[in-house]
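**Student:** One structure is given below, represented as structure tokens, and several questions about it will come after.
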Amino acid sequence: MTTASVPQGSNGPLWPEPGPAWAEPALAEPRPVGLVGLGLIGGSIGLDLRARGVPVRALVHRQSTAERALERGLADLVSTDGAVLADCELVILALPLDRLLDPPPGLLAALPAQAVVTDVGSVKAPVLARWQPLHRRFVASHPMAGTAEAGVEAGLRGLFAGRPWVATPTASTDPEALERVRALAAALGARWLVSDADDHDRAVALISHLPVLVSAALLQTAERGASGADRAALVRALASTGFADTTRVGGGNPELGSLMARCNRDAVLEALGHYRQAIESLEQRLLQQQWPELQAELSHCHQLRPEFL
């Protein structure tokens, strides 16, 4: 097992002094929290928990990842051996969707029977269907936070501050386990929400998964619409903040985008249908030179945006 050599006092006091909003409140007890995966989400959780004095133990797939995670301070103990999770009362599955839906047998064997287990996947219905029969204290959850980065270098402190963290419990979800995950979200500064899993998946299709495809389509359009070397060079030279804002997620992690579309296919297709109707409506305004109507639609969108952000 690979372990960190943590300098004395590096985790801070048990109850840190008041600081930034994301640093409060603390978990009830600083007992070991387990992380499976130390990419953007797992690494960010590890950094925030350790800053709160909570011991973090992590299970990763590669020895090189374990070594770099220790260098970055993402966890106190990092190992490729599932035994690292043995004493954890809460285990967070920070894994890609495909690995969540097809967990290796070694992972299942490593999860303590009494531990609360939660995930951070962006699609909930299939994850619930897979995991609820596997572990009696499983709670499906999803922090709505991220960047375009991935891997062991991506984690950063404060990622979840003020961001939604939604759980999708069922009638059979252990109430104490749900409360434990709520306390985790609160300790990371997130806004706690509870939703039905299918409602969650349809919602994130509209505001998270669809934007990835729309952003990708905009990039493709800019590439294909600029015929000729001179125009292609000019289009790239003129691209600035507006283009950067609208294409950020489309230029992000391609594996994540593909998995979201595959695992939430029906809801994403439904969202694409709504988007197609909106594009066709705007196109008709231009074709028919309906400028007042176009301005009215844009004015409505101007008023609508603050309701989302």
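In case it helps, this note's numbering puts the sequence shown at residues 14 to 322. Ideal Cβ positions, reconstructed from N, Cα and C, are used throughout, including at glycine. Because the structure is a prediction, the values reported are computed rather than measured.
1) Buried or exposed for His-287, please, with buried defined as at least 16 other CB atoms from any protein chain shown within 10 angstroms of its CB.
2) Taking one C-beta from the stretch 66-82 and one from the stretch 178-189 each time, how about it: are there three or more such pairs within less than 8 Å?
3) Closest to Arg-170 by C-alpha separation, out of Thr-181, Pro-177, Ala-158, Ala-180, would be which residue?
4) For Ser-312, is the classification buried or exposed, using 16 other Cβ atoms within 10 angstroms of its Cβ as the cut-off for buried?
5) Taking buried to mean at least 16 other C-beta atoms within 10 Å of its own C-beta, is Ile-292 buried or exposed?
6) For Arg-318, collect the residues of the same chain with a Cβ closer than 6 Å to its Cβ; drop the 5 residues on either side in sequence, then sort them by chain order.
7) Going by beta-carbon coordinates alone, are Gly-165 and Arg-81 separated by less than 8 Å?
8) Measuring alpha carbon to alpha carbon, tell me which of Val-49, Asp-243, Val-225 ends up nearest Leu-124.
9) Check whether the Cβ atoms of Glu-268 and Pro-118 sit closer than 8 Å, and answer yes or no.
10) Please confirm if the stretch 100-107 is in contact with the stretch 236-251, defined as three or more CB-CB distances below 8 Å between the two stretches.
11) For His-222, report the span of its alpha helix (DSSP H) as first-last.
12) How would you label Gly-56, buried or exposed, when you count the other beta carbons within 10 angstroms and need 16 or more for buried?
13) I'd like to confirm the pairing. Which residues does DSSP put opposite Asp-132 in its beta bridges?
14) Between Leu-231 and Gly-255, what straight-line distance do the alpha-carbon atoms span, to the nearest angstrom?
15) Straight-line CA distance for Pro-177 to Ala-210?
16) So, for Leu-113: in the same chain, excluding its five sequence neighbours on each side, which residues have a beta-carbon less than 8 Å away from its beta-carbon?
17) What are the boundary residues of the beta strand (DSSP E) that Ser-92 is part of?
18) Would you check if the distance between the CB atom of Val-136 and the CB atom of Asn-277 is smaller than 8 Å?
19) Run the proximity test for Gln-145: is its beta-carbon closer than 7 Å to any non-hydrogen atom belonging to the ligand NAD?
20) If we ignore side chains and look at the alpha-carbon of each, how far apart do Leu-247 and Arg-215 end up?
21) Starting from the C-beta of Ala-88, find all residues in its chain whose C-beta is less than 8 Å away, skip the five residues before and the five after it, and write them out in chain order.
22) Among all the DSSP beta bridges, which residues are the ones paired with Val-46?
23) Determine the DSSP secondary structure at Arg-278, reduced to helix, strand or coil.
**Tutor:** Judging by the given coordinates:
1) Exposed: under 16 other Cβ atoms inside 10 Å.
2) Taking 8 Å as the limit for Cβ pairs, the verdict is that the stretch 178-189 does not touch the stretch 66-82.
3) The residue among Thr-181, Pro-177, Ala-158, Ala-180 with its C-alpha nearest the C-alpha of Arg-170 is Ala-158.
4) Exposed, because fewer than 16 other Cβ atoms sit within 10 Å of the Cβ of Ser-312.
5) By the 16-neighbour rule on beta-carbons within 10 angstroms, Ile-292 is exposed.
6) The answer is none, since no qualifying residue turns up.
7) It should be noted that the sequence gives Val, not Gly, for residue 165. Closer than 8 Å, so yes.
8) Here the closest residue by C-alpha is Val-49.
9) Taking 8 Å as the cut-off, the beta carbon of Glu-268 is found no closer than this to the beta carbon of Pro-118.
10) Judged by Cβ distances under 8 Å, the stretch 100-107 makes no contact with the stretch 236-251, as fewer than three pairs qualify.
11) Run containing His-222: none; DSSP gives neither H nor E here.
12) Buried is the call here.
13) Beta-bridge analysis with DSSP links Asp-132 to Leu-106.
14) Gly-255 has its alpha-carbon roughly 12 Å from the corresponding atom of Leu-231.
15) Going by the C-alpha atoms only, they are around 15 Å apart.
16) The answer, listed in chain order, is Leu-106, Asp-132, Gly-134, Val-140, Arg-143, Trp-144.
17) Ser-92 -> beta strand (DSSP E) spans 90-92.
18) Yes, they are a contact pair.
19) Among the ligands in the structure shown, none appear at all, so the ligand NAD cannot be discussed.
20) In this structure, the alpha-carbon of Leu-247 lies about 39 Å from that of Arg-215.
21) The beta carbon of Ala-88 is closer than 8 Å to those of Ala-17, Leu-48, Leu-51, Gly-59, Arg-63, Val-69, Arg-70, Ala-71, Ala-82 in its chain, skipping five residues each way along the sequence.
22) Bridge partners of Val-46: Val-69, Leu-103.
23) Three-state DSSP puts Arg-278 in a helix.
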